[in-house]
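Remarks on the structure that follows.
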Amino acid sequence: MPDTTPDTNTDAGPLIPRNRAAHPQVHDVEYKTSVPRSPRWPLLSMESTPSEETGPRFGHDILGEYDNNLILNWTKGAAPAIGERIRVHGRVLDENARPVPHALVEVWQANAGGRYRHVKDGYFAPLDPNFGGCGRTLTDSEGYYEFLTIRPGAYPWPNRGNDWRPMHIHFSLFGHSFGQRLITQMYFEGDPLIDQCPIAATVKDRAQLDNLVAPLDLGQSRPLDYLAYKFDIVLRGRRQTMFENKLEGM
Amino acid sequence: MVQKLNSLVESASQTAGPYVHIGCMPSYAGNAGAYDCEIGESPIAEGAKGEIIEITGEVIDGTAWALRDAMLESWQPDAAGKFPGQPGADPNVSGFCRFAVDPDIGKFTLRTVKPGAVTTRNGAMQAPHISLWIVARGINIGLQTRIYFEDEDNSSDPLLARIEQKNRLGTLVAKKSGPGQYAFDVVLQGDRETVFLDI
Ligand SMILES: [Fe+2]
Chain A
2 MPDTTPDTNT DAGPLIPRNR AAHPQVHDVE YKTSVPRSPR WPLLSMESTP
52 SEETGPRFGH DILGEYDNNL ILNWTKGAAP AIGERIRVHG RVLDENARPV
102 PHALVEVWQA NAGGRYRHVK DGYFAPLDPN FGGCGRTLTD SEGYYEFLTI
152 RPGAYPWPNR GNDWRPMHIH FSLFGHSFGQ RLITQMYFEG DPLIDQCPIA
202 ATVKDRAQLD NLVAPLDLGQ SRPLDYLAYK FDIVLRGRRQ TMFENKLEGM
Chain B
7 MVQKLNSLVE SASQTAGPYV HIGCMPSYAG NAGAYDCEIG ESPIAEGAKG
57 EIIEITGEVI DGTAWALRDA MLESWQPDAA GKFPGQPGAD PNVSGFCRFA
107 VDPDIGKFTL RTVKPGAVTT RNGAMQAPHI SLWIVARGIN IGLQTRIYFE
157 DEDNSSDPLL ARIEQKNRLG TLVAKKSGPG QYAFDVVLQG DRETVFLDI
C-alpha cells in the first residue's frame, strides 16, 4: 500500500536526482529568449530535504463542474468552443513506474485559430467567444486523467525569421513533492512543425522529445463525437529502500 | 544482455511560455472567473501564527533587465517548521503561493509568515527558508532556489555550507529592508547570478 504513505513522511526516501540530460538544454541559441534567461554557473546538487519532499496537495473541493472540459468551461456549459473536438487522456506515473494519484494536472492552450486568450497575445487570429483555453483535473487513484478540448491551432511567434509553434497543449503538474514540479508541453502525432520548432528542439534526446508527442488513440475516440490522444507523463520518483539512514561518516 | 530496469525516465520539461498565466493564474491574465477558486493565492490565512512578512524583488536576466512575464511559486513550513499535513501544523498555513511579477514594472511581492527551521533526515538543522520555483518564457526547465533571511542564524545550514564561493551566499539571503520587509532578487545570469539548486 505504498500510496497511502503520508507524503510528509521524510523516511519515505529522497527524491531521485534529476537526470538533466533528459531535459532541454537550458541555453540554446536557436531559442533566443533562453540566451539571457539561462544560468551560466552549475546548479548546486544536494540530496532532497523535507523542503523538496513535501508539497502542496489539492482536493476535489477546488474543482468546478467544467474544469476538465475546455469545450464548455468558458461559457459554463452554455455554448461549445469552435474547433476539432478531442479528448486527451493518460496517466501520471513516477520514475518507479508507480501511478501518482491525486496529482493536479493544469492545461492551457491556444484556440483553434492559434490565439491565446491572454492580454499579451495580439495575433490576428480571432478569439473564440466560447473558448477560454485553460482547464484542470486531478488524477484518480490509478493516476489516470482526461479532459475534453479542441485541437489548438499552430501559431507564429517572434524568434528567428519565420518560426511557428506546432500544435501543443501546455501541461503543469504537481505530484506529491514540491521537487516534482514540472511544466511541459504535449505535441500531436504527425505534426510536421514539431521538427521545425526550436522550443521542441531544446530537448536534445530524441526519445525524450518523442515522449512528448501524443499518439492518436482511435480506440479511445468516440464515434461521431471526438478523436482521442494519449499522453502519459512521468514525474520524479523517490528512492525505495528500507536502508535509509544517516550518511556515511555522520 | 542484462535484466531491464523497471524504471521510467522523467518527462522532459518545456518552457512555460509567455502565456503561462492563462493556465495557472487566470485572473492575472485577464480571465477572472475561469475558475471558481484559483490555487496558491496566499500561503497563509487569517490567524496564521508567527511573524507576517513581505518579500519583494525582481527576476533579472543576463542583460540586467527585470522580466515582466515570470511566474513564481513558493513552498514553506509554518512558523514552527511544520509543513501542512504534518502533525501539529498550523491550520492557517497552506505554505504554497503562486505569484507573478508585475507586467509593467517587473516587481513581485510575497506576503507570508516567516518559516521555522526544519530538520533533515540526517538530523541536520536547516536554517529557516522558503523554497522558490521560477518559470517563464525562455526558461526551459523551472529554476529552483531558496530564500533565507539575513536576520536568522544561517551559519550551520547544510545547503549554504556546500556553496564553495562564499561570495555567492548572499544571492540566497533576503535583506531586511524595514520592519517585516525583505528584499530578494532572483538573478538568472551574470555577475550576481543566483545560486540555483538541483535537489
Ligand atoms: Fe504555447
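Quick mapping for you: the protein sequence lines, in order, are chains A and B. Counting in my numbering, the first sequence runs from 2 upward without gaps. Counting in my numbering, the second sequence runs from 7 upward without gaps. All residues carry an ideal CB built from backbone N, CA and C; glycine is no exception.
Check the Cβ of leucine 116/B against every Cβ in chain A and list those closer than 7 Å, keeping chain order. None at all; the shortest Cβ gap to chain A is about 15 Å.
Between which two residues does the alpha helix (DSSP H) harbouring aspartate 211/A extend? 207 to 211
C-alpha distance - leucine 28/A paired with aspartate 226/A, whole-angstrom precision: Checking the sequence shown, residue 28/A turns out to be histidine, not leucine. Roughly 43 Å between the two C-alpha positions.
Where glycine 56/B and valine 99/B are concerned, what is the direct C-alpha to C-alpha distance, given to the nearest angstrom? 10 Å
Are there 16 or more other CB atoms within 10 angstroms of the CB of cysteine 103/B, so buried, or fewer, so exposed? buried
In terms of residues, what are the limits of the alpha helix (DSSP H) holding cysteine 43/B? Per DSSP, cysteine 43/B belongs to no alpha helix (DSSP H) and is neither H nor E.
Compute the beta-carbon to beta-carbon distance between proline 121/B and isoleucine 136/B, rounded to the nearest angstrom, for a pair I have assumed lies under 8 Å. 6 Å
Are the C-beta of tyrosine 41/B and some C-beta of chain A separated by less than 8 Å? yes
Could you tell me whether the Cβ of valine 204/A comes closer than 8 Å to any Cβ of chain B? yes
Can you tell me the Cβ-Cβ gap for valine 193/B and isoleucine 45/B, rounded? I've got them flagged as a contact below 8 Å. The pair is not a contact, with the Cβ atoms about 27 Å apart (cut-off 8 Å).
Within 10 angstroms of the Cβ of aspartate 107/A, are there 16 or more other Cβ atoms? Answer buried if so, exposed if not. Reading the sequence as shown, one finds glutamate at residue 107/A and not aspartate. Glutamate 107/A is buried by the Cβ-count criterion.
What did DSSP end up calling glutamine 3/B once you bin it into helix, strand or coil? There is no way to answer for residue 3/B, as the model of chain B reaches only from 7 to 205.
Residues of the region 153 to 184 of chain A with a CB closer than 7 Å to any CB of chain B: list them in chain order, please. His171, Ser173, Phe179, Gly180, Arg182, Leu183 and Ile184
Distance, glycine 56/A Cα to phenylalanine 125/A Cα: 40 Å
Start-to-end residues for the alpha helix (DSSP H) that takes in arginine 38/A: 35 to 38
Of all Cβ atoms in chain A, is any one closer than 8 Å to the Cβ of leucine 203/B? yes
Residue-chain proximity (valine 235/A, chain B), Cβ-Cβ < 8 Å: yes
Taking 8 Å as the threshold (beta carbon to beta carbon), is threonine 242/A in contact with chain B? no
Report buried or exposed for asparagine 10/A, applying the criterion of at least 16 other Cβ atoms within 10 angstroms of its Cβ. Residue placement at asparagine 10/A is flagged as unreliable, the pLDDT there being 42, under the threshold of 50; the coordinate-derived value follows with that caveat. Answer is exposed; the Cβ neighbour count stays below 16.
Under 8 Å Cβ-Cβ, which residues of chain B neighbour glutamate 147/A? Residues of chain B passing the Cβ test: none, with the nearest at roughly 17 Å.
So with CB distances below 7 Å, who are the chain A contacts of threonine 21/B? Ile200
Leucine 194/B: contacting residues in chain A (beta-carbon distance under 8 Å): Pro37, Arg38, Ser39 and Pro40
With a threshold of 7 Å (Cβ to nearest heavy atom), would proline 118/A be considered close to ligand 1? Sequence check: residue 118/A is arginine here, not proline. No.
Kindly say whether threonine 50/A, judged by its beta-carbon, lies nearer than 8 Å to any beta-carbon of chain B. yes
Close-in-space but distant-in-sequence residues of the same chain around glycine 14/A (CB under 8 Å, 5 per side omitted): Arg239, Arg240, Gln241, Thr242 and Glu245
Residues bridged to glutamine 132/B (per DSSP): Val124/B
Helix, strand or coil at leucine 14/B [DSSP, three-state]: coil
Going by the beta-carbon positions, is the gap between cysteine 198/A and arginine 166/A smaller than 8 Å? yes
Inter-residue spacing [alpha-carbon to alpha-carbon] between alanine 106/B and alanine 180/B: 18 Å
For glycine 23/B, does the count of other Cβ atoms within 10 angstroms reach 16, so buried, or fall short, so exposed? buried
Relative to chain B, which residues along the region 112 to 125 of chain A have a C-beta separation below 8 Å, given in chain order? Tyr117, Arg118, His119, Val120, Lys121 and Asp122
Beta-carbon separation of glutamine 209/A and valine 15/B under 8 Å? yes
Say the cut is 7 Å; is the CB of histidine 169/A nearer than that to a heavy atom of ligand 1? yes
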